[in-house]
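Single-structure report; data block below.
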């Protein structure tokens with residue numbers, strides 16, 4: 001699905017086999033038929049009915065899909081195919097008399113469809129079997145869930161949403177709510193009501209959490225919804241990033257979620273946009289170890305390259321005479337606002353209300369991502385610091401421009417990683433209203449339109 005152009009590449013990686021690429025957003029439980037009298041204990045396979053044995057094979061299949069992440073993706077595809085073929089073999093071997101009753105027929109069609117739908121690509125045969133299952137038993141919520149996922153892969157998002165809503169009409173269900181929430185984020189990518197759909201996604205994710213506050217997948221889904229909303233709403237509301245990180249932390253309390261590489265990847269992304277680079281590095285490294293195919297190691301290297309550039313820029317300062325000449329025109333800057341002029345040396349850590357820092361742009365620091373924009377800047381005291389700007393295109397600010405930073409968010413970044421330490425001063429500008437460029441507000445055509453390009457795949 002094509003993504004609208006924007007300055008911000010938006011993140012959450014999720015799929016139905018992970019809500020942006022492999023660990024599962026939900027492993028759909030299989031309904032088990034009643035056991036016959038005289039059968040053994042629940043865990044004794046010898047006492048299971050033939051359909052229950054198939055259901056167990058299906059659970060093994062989905063566990064493989066959701067937890068096996070070799071460095072070579074083709075190895076996983078081959079393993080999935082072998083496991084699926086084995087499950088289909090067991091199912092096909094069932095005598096006709098063991099799939100004759102209405103209950104057995106429903107389960108047979110459901111299991112057949114679920115096996116065929118385990119792969120990333122759409123399967124028409126899977127849709128046909130799942131459609132039969134819901135026709136035979138419209139109350140089978142898990143079949144509606146699988147059918148919705150299958151149709152989603154075909155690209156028919158509206159029909160997939162109808163499947164989830166039909167399932168919810170049978171009663172609240174956390175798995176359905178999570179898939180619906182994820183689908184709404186996917187639908188938002190090509191919708192004019194992007195923000196509205198993402199807010200609906202958050203609400204459905206919250207409903208899922210309320211049904212089971214200990215379910216890690218529901219918390220993970222809520223974290224993805226908040227992370228997506230950060231970009232959909234303009235990529236300036238840091239509170240949404242904090243909400244997403246809190247949700248991811250709750251998700252990690254569920255031991256089963258520790259197998260999900262995307263949990264660590266997405267949480268690292270949130271930390272990255274908070275400019276908490278040390279936590280971002282740890283998260284991307286953890287994701288890379290869990291699933292090499294995610295290529296999270298590239299994100300690690302991108303952050304290291306960025307930190308090298310930022311620190312080297314602050315070290316490569318101009319000579320005092322050149323610096324004095326550079327900032328000489330800053331005293332002439334006037335602005336009709338109720339802000340007090342300040343230099344970086346008197347700022348407090350965090351948000352500095354009613355304060356304005358006047359500075360000169362010395363260098364635009366190019367890096368691997370579109371956002372934020374980084375600049376080496378110099379204030380009236382000839383103090384150098386890194387300026388990070390969100391919400392503007394790179395044509396908005398040029399080297400040599402005079403900029404006024406209103407209510408600046410200031411911090412000293414002190415990062416240790418692999419025996420390397422990075423330390424420099426930084427001011428963050430989250431939205432265009434915080435900055436004045438050469439005594440003028442940023443031009444409207446220089447304001448970046450944030451959009452979501454999350455990798456939602458069923």
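Numbering (UniProt numbering), first residue to last: 1 to 458. We put the CB at the ideal spot given by N, CA and C, even for glycine. As the structure is a computational prediction, the values presented were derived from the model and not from experiment.
The ligand SAM heavy atom lying under 7 Å from the CB of residue i
i           : result
residue 312 : No copy of the ligand SAM appears in this structure; indeed no ligand is present at all.
Start and end residues, beta strand (DSSP E) containing residue i
i           : result
residue 178 : Looking at the DSSP string, residue 178 is not in any beta strand (DSSP E); the run it does join, the alpha helix (DSSP H), is 174-188.
residue 409 : 409-417
residue 365 : 355-365
residue 384 : 384-389
residue 342 : 340-342
residue 402 : 402-406
When the options are compared against residue i, the one with the closest alpha-carbon
i           : options            : result
residue 271 : 254, 303, 293, 438 : 303
residue 256 : 217, 352, 429, 97  : 217
residue 53  : 73, 70, 91         : 91
residue 242 : 148, 268, 418      : 268
residue 406 : 370, 416, 358      : 358
residue 56  : 75, 88, 74, 353    : 88
residue 459 : 192, 225, 120      : In this structure the chain extends from 1 to 458, so residue 459 is not present and cannot be described.
residue 437 : 420, 133, 73, 395  : 395
residue 431 : 178, 235, 381, 420 : 235
residue 198 : 207, 208, 187      : 187
residue 223 : 195, 178, 196, 233 : 178
residue 435 : 417, 402, 205      : 402
residue 93  : 82, 219, 413, 112  : 112
residue 181 : 170, 192, 196      : 196
residue 279 : 171, 415, 214      : 415
residue 459 : 154, 399, 163, 214 : Residue 459 cannot be examined here, being either before or after the span of the chain that is shown, 1 to 458.
residue 132 : 298, 118, 105      : 105
residue 418 : 49, 170, 281, 232  : 281
residue 254 : 214, 231, 233      : 214
residue 382 : 314, 413, 82       : 314
Counterpart residues of residue i in DSSP-defined beta bridges
i           : result
residue 420 : 417
residue 118 : DSSP, once it has assigned bridges, lists no residue as partnering residue 118.
residue 392 : 447
residue 350 : 410
residue 428 : 388, 409
residue 435 : 405
residue 440 : 437
Element boundaries [alpha helix (DSSP H), containing residue i]
i           : result
residue 282 : 277-290
residue 493 : This structure leaves residue 493 out entirely; the chain is present only between 1 and 458.
residue 58  : 50-67
residue 245 : 238-252
residue 213 : Residue 213 -> no alpha helix (DSSP H), and no H or E assigned at all.
residue 298 : 296-315
residue 151 : 141-154
residue 268 : 261-273
residue 167 : 157-168
Supposed close pair residue i, residue j - CB separation, criterion 8 Å
i           : j           : result
residue 68  : residue 79  : 6 Å
residue 142 : residue 174 : Actually they do not touch by this definition, with Cβ atoms about 12 Å apart.
residue 115 : residue 84  : 6 Å
residue 424 : residue 310 : 6 Å
residue 96  : residue 136 : 16 Å between Cβ atoms; not a contact.
residue 13  : residue 266 : 6 Å
residue 277 : residue 263 : That pair is no contact at about 19 Å.
residue 355 : residue 442 : Actually they do not touch by this definition, with Cβ atoms about 20 Å apart.
residue 385 : residue 426 : 6 Å
residue 144 : residue 167 : 4 Å
residue 258 : residue 252 : 6 Å
residue 365 : residue 410 : Actually they do not touch by this definition, with Cβ atoms about 18 Å apart.
residue 376 : residue 363 : 4 Å
residue 183 : residue 160 : 6 Å
residue 389 : residue 447 : With 8 Å as the limit, residue 389 and residue 447 do not qualify as a contact, their Cβ atoms being about 11 Å apart.
residue 219 : residue 250 : 4 Å
residue 110 : residue 140 : 7 Å
residue 287 : residue 294 : 5 Å
residue 149 : residue 193 : Actually they do not touch by this definition, with Cβ atoms about 23 Å apart.
residue 360 : residue 330 : 6 Å
residue 147 : residue 127 : 7 Å
residue 231 : residue 237 : So it is not a contact: roughly 10 Å between Cβ atoms.
Short CB-CB distance (under 8 Å) between residue i and chain D
i           : result
residue 296 : This model lacks chain D altogether, as it is built from one protein chain only.
Length-filtered (3 minimum) beta strand (DSSP E) runs lying within the stretch 68-138: none
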